[in-house]
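Novice:
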Amino acid sequence: MKKTVFLLLLTLFSGMIATNAQKPLKRPLHYVDADSVFYMSKDFTNFRLFPLFVDKDAEFRRPQADKNRFKARQKRWQEKILPTVNIVGGAGDEVGEAQAFGAASAIFEAADLFLHTADAHYMNIVERALYNAVPETFFGLSTVIDRRVAATAMLVASCCTYATDKQGIYVNLYSNSYAHIATKDFDVRIDQVTNMPFLAQVKFRFGGIDAKGQTLTMRFRIPEWVTTDMPLYVNGHDTPYEIINGYAVVKRTWKTNDEVYFILPIDPHFEEHGDSLIMRSGPMLYTFDTLPADAVPEEIVSSEEDEQSQMFFYDVRFSTTAEEKVYTAKPYLLSTDNKRQLWVRKKH
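Numbering (mature numbering (1 follows the signal peptide of the UniProt record, and there is no 0)), first residue to last: -21 to -1, 1 to 327.
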(Lines of atoms letter the chains of each structure in order from A and count residues from 1; the text may use other names and numbers.)
(Lines give C-alpha, C1' and ligand atoms only; values in the text may rest on other atoms or scores of the structure.)
Protein backbone atom coordinates (compact mmCIF):
# COMPACT_ATOMS: atom_id res chain seq x y z
CA MET A 1 0.00 0.00 0.00
CA LYS A 2 1.30 3.39 -0.99
CA LYS A 3 0.67 4.85 2.45
CA THR A 4 3.23 7.63 2.10
CA VAL A 5 1.57 8.94 -1.06
CA PHE A 6 -1.86 8.98 0.53
CA LEU A 7 -0.63 10.70 3.67
CA LEU A 8 0.97 13.33 1.48
CA LEU A 9 -2.31 13.89 -0.36
CA LEU A 10 -4.15 14.15 2.96
CA THR A 11 -1.55 16.62 4.23
CA LEU A 12 -1.77 18.74 1.10
CA PHE A 13 -5.57 18.85 1.39
CA SER A 14 -5.31 19.88 5.05
CA GLY A 15 -2.77 22.50 4.08
CA MET A 16 -5.15 23.99 1.52
CA ILE A 17 -7.83 24.27 4.21
CA ALA A 18 -5.45 26.16 6.46
CA THR A 19 -4.12 28.41 3.69
CA ASN A 20 -7.60 29.63 2.77
CA ALA A 21 -7.98 31.40 6.12
CA GLN A 22 -4.47 32.52 6.91
CA LYS A 23 -4.88 36.29 6.98
CA PRO A 24 -4.29 37.24 10.62
CA LEU A 25 -7.16 38.64 12.64
CA LYS A 26 -7.04 42.34 13.48
CA ARG A 27 -7.16 41.37 17.13
CA PRO A 28 -5.96 37.92 18.23
CA LEU A 29 -8.30 35.68 20.18
CA HIS A 30 -7.76 34.88 23.85
CA TYR A 31 -7.93 31.44 25.40
CA VAL A 32 -9.99 31.03 28.53
CA ASP A 33 -7.49 30.49 31.33
CA ALA A 34 -6.98 26.81 32.04
CA ASP A 35 -7.68 27.45 35.73
CA SER A 36 -11.18 28.64 34.76
CA VAL A 37 -12.07 25.30 33.13
CA PHE A 38 -12.77 22.33 35.40
CA TYR A 39 -12.79 18.92 33.75
CA MET A 40 -15.21 16.42 35.27
CA SER A 41 -13.85 13.25 33.68
CA LYS A 42 -11.49 10.86 35.47
CA ASP A 43 -9.75 9.45 32.40
CA PHE A 44 -7.35 10.86 29.81
CA THR A 45 -9.99 13.36 28.66
CA ASN A 46 -9.26 15.34 31.82
CA PHE A 47 -6.66 17.41 30.00
CA ARG A 48 -5.66 19.30 33.15
CA LEU A 49 -5.12 16.56 35.76
CA PHE A 50 -4.39 13.40 33.80
CA PRO A 51 -1.01 14.57 32.44
CA LEU A 52 0.10 15.41 35.99
CA PHE A 53 -0.73 11.84 37.05
CA VAL A 54 1.56 10.71 34.26
CA ASP A 55 4.38 13.12 35.16
CA LYS A 56 4.03 15.49 38.10
CA ASP A 57 6.95 17.55 36.76
CA ALA A 58 5.34 18.29 33.41
CA GLU A 59 5.51 22.03 32.74
CA PHE A 60 2.66 24.22 31.55
CA ARG A 61 3.40 26.42 28.54
CA ARG A 62 0.83 29.11 27.81
CA PRO A 63 0.10 29.57 24.07
CA GLN A 64 1.18 32.95 22.78
CA ALA A 65 -0.26 35.30 20.16
CA ASP A 66 2.72 37.21 18.75
CA LYS A 67 1.66 39.27 15.75
CA ASN A 68 5.25 40.16 14.90
CA ARG A 69 6.11 36.49 14.47
CA PHE A 70 2.91 35.37 12.75
CA LYS A 71 4.29 35.18 9.19
CA ALA A 72 7.37 33.29 10.31
CA ARG A 73 5.33 30.83 12.35
CA GLN A 74 2.83 30.40 9.55
CA LYS A 75 5.69 29.57 7.19
CA ARG A 76 7.10 27.11 9.70
CA TRP A 77 3.69 25.45 10.00
CA GLN A 78 3.26 25.09 6.25
CA GLU A 79 6.82 23.98 5.50
CA LYS A 80 7.97 22.11 8.61
CA ILE A 81 5.05 21.00 10.79
CA LEU A 82 2.06 20.26 8.57
CA PRO A 83 3.96 18.08 6.05
CA THR A 84 5.04 15.77 8.89
CA VAL A 85 1.74 15.48 10.79
CA ASN A 86 0.38 11.96 10.40
CA ILE A 87 -3.11 10.54 10.79
CA VAL A 88 -2.77 10.15 14.60
CA GLY A 89 -1.47 13.68 15.16
CA GLY A 90 2.15 12.69 15.63
CA ALA A 91 4.94 12.29 13.10
CA GLY A 92 6.59 9.46 11.22
CA ASP A 93 5.29 5.90 11.07
CA GLU A 94 2.25 5.65 13.32
CA VAL A 95 2.97 2.14 14.59
CA GLY A 96 6.74 1.98 14.41
CA GLU A 97 7.97 5.28 15.80
CA ALA A 98 7.49 7.29 19.00
CA GLN A 99 4.84 9.95 18.56
CA ALA A 100 5.34 12.28 21.53
CA PHE A 101 7.66 14.88 20.01
CA GLY A 102 5.73 15.12 16.75
CA ALA A 103 2.43 15.47 18.61
CA ALA A 104 3.85 18.12 20.94
CA SER A 105 5.23 20.18 18.05
CA ALA A 106 1.87 20.06 16.27
CA ILE A 107 -0.07 21.04 19.41
CA PHE A 108 2.28 23.88 20.38
CA GLU A 109 2.25 25.47 16.92
CA ALA A 110 -1.45 24.88 16.26
CA ALA A 111 -2.46 26.38 19.61
CA ASP A 112 -0.47 29.55 18.90
CA LEU A 113 -1.57 29.98 15.28
CA PHE A 114 -5.24 29.48 16.08
CA LEU A 115 -5.22 32.70 18.12
CA HIS A 116 -4.33 34.63 14.96
CA THR A 117 -6.71 32.88 12.56
CA ALA A 118 -9.79 31.42 14.34
CA ASP A 119 -9.44 28.54 11.86
CA ALA A 120 -10.79 25.17 13.03
CA HIS A 121 -8.06 23.42 11.05
CA TYR A 122 -5.62 24.02 13.90
CA MET A 123 -7.96 22.67 16.57
CA ASN A 124 -8.62 19.61 14.40
CA ILE A 125 -4.90 18.84 14.58
CA VAL A 126 -4.90 19.40 18.35
CA GLU A 127 -7.86 17.03 18.76
CA ARG A 128 -6.27 14.41 16.51
CA ALA A 129 -3.17 14.32 18.71
CA LEU A 130 -5.09 14.48 22.02
CA TYR A 131 -7.15 11.36 21.30
CA ASN A 132 -4.46 9.28 19.61
CA ALA A 133 -0.75 10.12 19.63
CA VAL A 134 -0.58 11.74 23.08
CA PRO A 135 -2.45 9.12 25.16
CA GLU A 136 -0.71 6.33 23.23
CA THR A 137 2.49 7.70 24.71
CA PHE A 138 0.96 7.55 28.19
CA PHE A 139 -0.32 4.00 27.94
CA GLY A 140 2.56 2.53 25.95
CA LEU A 141 6.08 1.53 26.96
CA SER A 142 7.48 5.00 26.31
CA THR A 143 10.61 6.64 27.64
CA VAL A 144 10.49 9.05 30.55
CA ILE A 145 11.33 11.91 28.17
CA ASP A 146 8.55 10.96 25.74
CA ARG A 147 6.02 10.79 28.55
CA ARG A 148 7.05 14.20 29.89
CA VAL A 149 6.82 15.76 26.43
CA ALA A 150 3.37 14.22 25.89
CA ALA A 151 2.20 15.35 29.35
CA THR A 152 3.39 18.89 28.64
CA ALA A 153 1.57 18.86 25.29
CA MET A 154 -1.70 17.83 26.98
CA LEU A 155 -1.29 20.55 29.59
CA VAL A 156 -0.89 23.12 26.81
CA ALA A 157 -3.98 21.78 25.07
CA SER A 158 -5.97 22.11 28.31
CA CYS A 159 -6.24 25.85 27.77
CA CYS A 160 -7.57 25.45 24.21
CA THR A 161 -11.06 24.25 25.11
CA TYR A 162 -12.54 27.75 24.85
CA ALA A 163 -11.37 30.96 23.20
CA THR A 164 -12.96 34.40 23.12
CA ASP A 165 -13.18 37.60 21.12
CA LYS A 166 -15.33 40.69 21.71
CA GLN A 167 -18.37 39.04 20.13
CA GLY A 168 -18.38 35.72 21.93
CA ILE A 169 -16.91 32.27 22.43
CA TYR A 170 -15.22 29.56 20.37
CA VAL A 171 -15.82 26.00 21.59
CA ASN A 172 -12.77 24.10 20.38
CA LEU A 173 -12.70 20.82 22.30
CA TYR A 174 -15.50 18.59 23.55
CA SER A 175 -14.93 17.27 27.06
CA ASN A 176 -17.09 17.01 30.17
CA SER A 177 -16.33 20.28 31.96
CA TYR A 178 -17.48 23.46 33.65
CA ALA A 179 -16.15 26.89 32.73
CA HIS A 180 -16.48 30.42 34.06
CA ILE A 181 -15.74 32.70 31.12
CA ALA A 182 -15.34 36.35 32.09
CA THR A 183 -14.03 39.08 29.77
CA LYS A 184 -14.42 42.85 29.53
CA ASP A 185 -17.42 42.26 27.27
CA PHE A 186 -19.36 39.43 28.94
CA ASP A 187 -19.53 37.07 31.90
CA VAL A 188 -21.06 33.63 31.52
CA ARG A 189 -20.81 30.14 32.98
CA ILE A 190 -21.01 27.08 30.75
CA ASP A 191 -21.60 23.46 31.72
CA GLN A 192 -20.44 21.15 28.93
CA VAL A 193 -22.03 17.76 29.52
CA THR A 194 -20.63 14.97 27.36
CA ASN A 195 -18.84 11.66 27.39
CA MET A 196 -16.93 12.35 24.19
CA PRO A 197 -15.19 10.61 22.55
CA PHE A 198 -16.96 7.49 23.81
CA LEU A 199 -20.58 8.65 23.41
CA ALA A 200 -21.96 11.04 20.82
CA GLN A 201 -24.15 13.49 22.77
CA VAL A 202 -22.88 16.99 23.61
CA LYS A 203 -24.91 19.47 25.69
CA PHE A 204 -24.10 23.01 26.80
CA ARG A 205 -26.02 24.71 29.59
CA PHE A 206 -25.61 28.46 30.18
CA GLY A 207 -25.66 30.12 33.59
CA GLY A 208 -24.65 33.22 35.52
CA ILE A 209 -26.50 35.56 33.13
CA ASP A 210 -28.70 38.35 34.48
CA ALA A 211 -32.38 38.76 33.60
CA LYS A 212 -31.63 41.01 30.59
CA GLY A 213 -29.76 38.18 28.90
CA GLN A 214 -26.39 38.24 27.16
CA THR A 215 -25.95 38.60 23.41
CA LEU A 216 -23.14 36.28 22.33
CA THR A 217 -21.89 34.70 19.15
CA MET A 218 -21.21 31.04 19.93
CA ARG A 219 -18.99 29.03 17.58
CA PHE A 220 -19.00 25.25 17.93
CA ARG A 221 -16.20 23.47 16.07
CA ILE A 222 -17.33 20.93 13.49
CA PRO A 223 -14.61 18.24 13.73
CA GLU A 224 -12.70 17.22 10.61
CA TRP A 225 -14.21 13.73 10.78
CA VAL A 226 -17.81 14.98 10.57
CA THR A 227 -18.88 14.45 6.95
CA THR A 228 -22.69 14.73 7.30
CA ASP A 229 -25.07 17.46 8.41
CA MET A 230 -24.97 18.10 12.15
CA PRO A 231 -28.38 19.28 13.45
CA LEU A 232 -28.01 21.70 16.36
CA TYR A 233 -30.77 22.32 18.89
CA VAL A 234 -31.25 25.39 21.11
CA ASN A 235 -33.71 24.73 23.94
CA GLY A 236 -35.01 21.73 22.02
CA HIS A 237 -35.58 23.59 18.74
CA ASP A 238 -33.69 22.68 15.57
CA THR A 239 -31.69 25.85 14.96
CA PRO A 240 -30.08 26.93 11.67
CA TYR A 241 -26.46 28.00 11.79
CA GLU A 242 -23.83 29.46 9.54
CA ILE A 243 -20.53 27.64 9.02
CA ILE A 244 -17.49 29.93 9.23
CA ASN A 245 -13.91 28.62 9.29
CA GLY A 246 -15.12 25.18 10.37
CA TYR A 247 -17.43 26.41 13.16
CA ALA A 248 -21.21 26.23 13.52
CA VAL A 249 -22.05 29.84 14.39
CA VAL A 250 -25.12 30.79 16.44
CA LYS A 251 -25.73 34.38 17.55
CA ARG A 252 -28.55 35.15 19.95
CA THR A 253 -29.36 36.65 23.33
CA TRP A 254 -28.64 33.86 25.80
CA LYS A 255 -30.31 33.44 29.15
CA THR A 256 -29.57 31.37 32.23
CA ASN A 257 -30.59 27.72 31.72
CA ASP A 258 -30.51 27.97 27.91
CA GLU A 259 -29.23 24.76 26.38
CA VAL A 260 -27.48 23.78 23.16
CA TYR A 261 -27.53 20.13 22.14
CA PHE A 262 -26.11 18.17 19.22
CA ILE A 263 -24.95 14.68 18.40
CA LEU A 264 -21.56 14.08 16.80
CA PRO A 265 -21.46 11.10 14.40
CA ILE A 266 -19.05 8.74 16.16
CA ASP A 267 -20.41 5.43 14.86
CA PRO A 268 -17.41 3.20 14.03
CA HIS A 269 -16.66 2.94 10.33
CA PHE A 270 -13.89 2.52 7.78
CA GLU A 271 -12.64 5.62 6.03
CA GLU A 272 -10.86 5.68 2.67
CA HIS A 273 -7.43 7.17 2.16
CA GLY A 274 -6.29 6.36 -1.36
CA ASP A 275 -5.86 2.59 -1.68
CA SER A 276 -6.05 2.11 2.08
CA LEU A 277 -8.61 2.26 4.87
CA ILE A 278 -8.49 3.29 8.49
CA MET A 279 -11.09 2.50 11.12
CA ARG A 280 -12.30 5.32 13.32
CA SER A 281 -14.94 6.18 15.87
CA GLY A 282 -15.16 9.95 16.09
CA PRO A 283 -11.65 11.30 16.72
CA MET A 284 -10.30 7.91 17.87
CA LEU A 285 -8.52 5.60 15.45
CA TYR A 286 -8.39 1.81 15.76
CA THR A 287 -5.80 -0.88 15.07
CA PHE A 288 -5.72 -4.63 14.53
CA ASP A 289 -3.21 -7.32 15.23
CA THR A 290 -1.28 -8.00 12.04
CA LEU A 291 -3.73 -9.10 9.37
CA PRO A 292 -3.17 -11.48 6.46
CA ALA A 293 -1.87 -9.56 3.45
CA ASP A 294 -5.08 -10.14 1.47
CA ALA A 295 -7.53 -9.42 4.34
CA VAL A 296 -10.34 -7.03 3.41
CA PRO A 297 -12.87 -5.71 5.99
CA GLU A 298 -16.46 -6.73 5.29
CA GLU A 299 -18.52 -5.80 8.34
CA ILE A 300 -18.28 -4.51 11.91
CA VAL A 301 -20.23 -7.26 13.62
CA SER A 302 -20.22 -6.43 17.34
CA SER A 303 -18.88 -4.14 20.06
CA GLU A 304 -17.89 -4.60 23.67
CA GLU A 305 -16.98 -2.08 26.35
CA ASP A 306 -13.74 -2.90 28.14
CA GLU A 307 -14.41 -2.74 31.89
CA GLN A 308 -10.96 -1.45 32.78
CA SER A 309 -10.54 1.28 30.18
CA GLN A 310 -14.28 1.93 29.55
CA MET A 311 -13.42 2.11 25.86
CA PHE A 312 -15.12 0.17 23.10
CA PHE A 313 -13.53 -2.73 21.23
CA TYR A 314 -15.08 -3.95 17.99
CA ASP A 315 -15.17 -7.32 16.23
CA VAL A 316 -14.73 -6.94 12.47
CA ARG A 317 -15.30 -9.65 9.90
CA PHE A 318 -12.56 -9.83 7.25
CA SER A 319 -12.49 -11.89 4.09
CA THR A 320 -9.40 -13.43 2.50
CA THR A 321 -8.93 -15.65 -0.52
CA ALA A 322 -9.06 -18.64 1.81
CA GLU A 323 -11.63 -17.81 4.50
CA GLU A 324 -13.59 -15.29 6.50
CA LYS A 325 -12.40 -14.49 10.00
CA VAL A 326 -13.22 -12.04 12.79
CA TYR A 327 -10.49 -9.77 14.15
CA THR A 328 -10.76 -7.37 17.08
CA ALA A 329 -10.22 -3.64 16.60
CA LYS A 330 -8.93 -1.77 19.63
CA PRO A 331 -8.26 1.92 20.17
CA TYR A 332 -4.93 3.11 18.80
CA LEU A 333 -4.05 4.66 22.15
CA LEU A 334 -4.26 1.22 23.84
CA SER A 335 -2.50 -0.77 21.13
CA THR A 336 1.19 -0.44 21.83
CA ASP A 337 2.55 -3.59 20.14
CA ASN A 338 4.68 -2.91 17.07
CA LYS A 339 2.80 -5.78 15.38
CA ARG A 340 -0.40 -3.74 15.39
CA GLN A 341 -1.81 -2.59 12.07
CA LEU A 342 -3.49 0.77 11.47
CA TRP A 343 -3.82 0.82 7.69
CA VAL A 344 -6.10 -1.79 6.16
CA ARG A 345 -6.45 -3.12 2.63
CA LYS A 346 -9.35 -1.74 0.56
CA LYS A 347 -11.52 -3.94 -1.62
CA HIS A 348 -10.78 -3.41 -5.32
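By construction, the Cβ of each residue, glycine as well, lies at the ideal position given by its N, Cα and C atoms.
Since the structure is predicted, the reported quantities are computational estimates derived from the model, not experimental observations.
Applying the criterion that 16 or more other CB atoms from any shown protein chain within 10 Å of the CB defines a buried residue, is Glu115 buried or exposed?
Specialist: Glu115 is buried by the Cβ-count criterion.
Novice: Would Tyr267 pass as a contact of Gln320 if the rule is Cβ separation under 9 Å?
Specialist: The sequence as given places Phe at residue 267; Tyr does not occur at that position. Their beta carbons are under 9 Å apart, which means Phe267 touches Gln320 by this criterion.
Novice: What is the DSSP secondary structure of Gly186, reduced to helix, strand or coil?
Specialist: Strand at Gly186.
Novice: Of all the CB atoms in chain D, is at least one closer than 9 Å to the CB of Lys145?
Specialist: Protein chains in the displayed structure number just one, and chain D is not present.
Novice: Quick one: give me the first and last residue of the beta strand (DSSP E) that Tyr101 is part of.
Specialist: Here Tyr101 belongs to no beta strand (DSSP E); instead the alpha helix (DSSP H) covers Ala99 to Arg107.
Novice: Could you tell me the alpha carbon to alpha carbon distance between Ala79 and Lys234, rounded to whole angstroms?
Specialist: Their Cα atoms are separated by approximately 42 Å.
Novice: Taking only three categories from DSSP, how would you classify Ile124?
Specialist: The answer is helix: DSSP assigns Ile124 an H, G or I state.
Novice: Considering only C-alpha positions, which residue in the set Val135, Leu134, Val113 and Ala136 is nearest to Asp125?
Specialist: That would be Val113, whose Cα lies nearest to the Cα of Asp125.
Novice: Hey, Tyr157 and Phe17: beta-carbon distance below 9 Å or not?
Specialist: Cβ distance < 9 Å, so Tyr157 and Phe17 count as in contact.
Novice: Which ranges would you report for the beta strand (DSSP E) in the stretch 19 to 56 if only whole runs of at least 3 residues count?
Specialist: Counting only runs of 3 or more, we get nothing.
Novice: Is the stretch 133 to 140 in contact with the stretch 23 to 30, if contact means three or more CB pairs nearer than 8 Å?
Specialist: Yes, they touch.
Novice: Between Phe108 and Pro176, what straight-line distance do the alpha-carbon atoms span, to the nearest angstrom?
Specialist: This sequence places Ala at residue 108; Phe is not what is there. Cα to Cα, the separation comes out at about 13 Å.
Novice: For the beta strand (DSSP E) containing Ala158, list its first residue and its last residue.
Specialist: Per DSSP, Ala158 belongs to the beta strand (DSSP E) from Ser156 to Ala161.
Novice: Do the CB positions of Tyr311 and Glu73 come within less than 9 Å of each other?
Specialist: Against a cut-off of 9 Å, the Cβ pair of Glu73 and Tyr311 comes out as a contact.
Novice: Measure the beta-carbon distance from residue 335 to Met197 and round it to whole angstroms, keeping in mind my assumption that it falls under 8 Å.
Specialist: Look at the range of the chain in this structure, -21 to 327, and you will see that residue 335 is not part of it.
Novice: So what's Thr307 in DSSP terms, helix, strand or just coil?
Specialist: It is a strand residue.
Novice: From Thr173 to Pro276, what does the alpha carbon distance come to, in whole angstroms?
Specialist: Going from the Cα of Thr173 to the Cα of Pro276 covers about 31 Å.
Novice: Just to confirm before moving on: does the CB-CB distance between Asn214 and Asp237 stay below 9 Å?
Specialist: Taking 9 Å as the Cβ cut-off, Asn214 and Asp237 qualify as a contacting pair.
Novice: Cutting at 8 Å between CB atoms, please list the residues of its own chain near Thr122, excluding the five before and the five after it.
Specialist: Ala77.
Novice: Assign Gln171 to buried or exposed, taking buried as 16 or more other Cβ atoms, counted over all protein chains shown, within 10 Å of its Cβ.
Specialist: By the neighbour-count rule (16 or more Cβ atoms within 10 Å), Gln171 is buried.
Novice: Would you kindly work out how many angstroms separate the C-alpha atoms of Glu250 and Thr299, rounded to a whole number?
Specialist: Going by the C-alpha atoms only, they are around 20 Å apart.
Novice: Express the C-alpha separation of Gln193 and Ala70 in angstroms, rounding to a whole number.
Specialist: C-alpha separation (whole angstroms): 43 Å.
Novice: Our contact map puts Val167 next to Phe183 with C-beta atoms below 8 Å; I'd like the distance itself, whole angstroms only.
Specialist: Contact flag wrong, Cβ pair sits at about 11 Å.
Novice: Answer yes or no: do Ala161 and Arg200 have a C-beta to C-beta separation smaller than 9 Å?
Specialist: Going by C-beta atoms, Ala161 is not nearer than 9 Å to Arg200.
Novice: Could you work out which residue in Ala129, Thr269 and Ile222 is closest to Phe32 when comparing CA atoms only?
Specialist: Comparing Cα-Cα distances from Phe32 to each of Ala129, Thr269 and Ile222, the minimum goes to Ala129.
Novice: In whole angstroms, what separates the C-alpha of Thr232 from that of Glu283?
Specialist: Going by the C-alpha atoms only, they are around 43 Å apart.
Novice: Excluding the five sequence neighbours on either side, which residues of its own chain have a C-beta within less than 6 Å of the C-beta of Ile245, listed in chain order?
Specialist: These residues qualify, in order along the chain: Ala179, Ser260 and Gly261.
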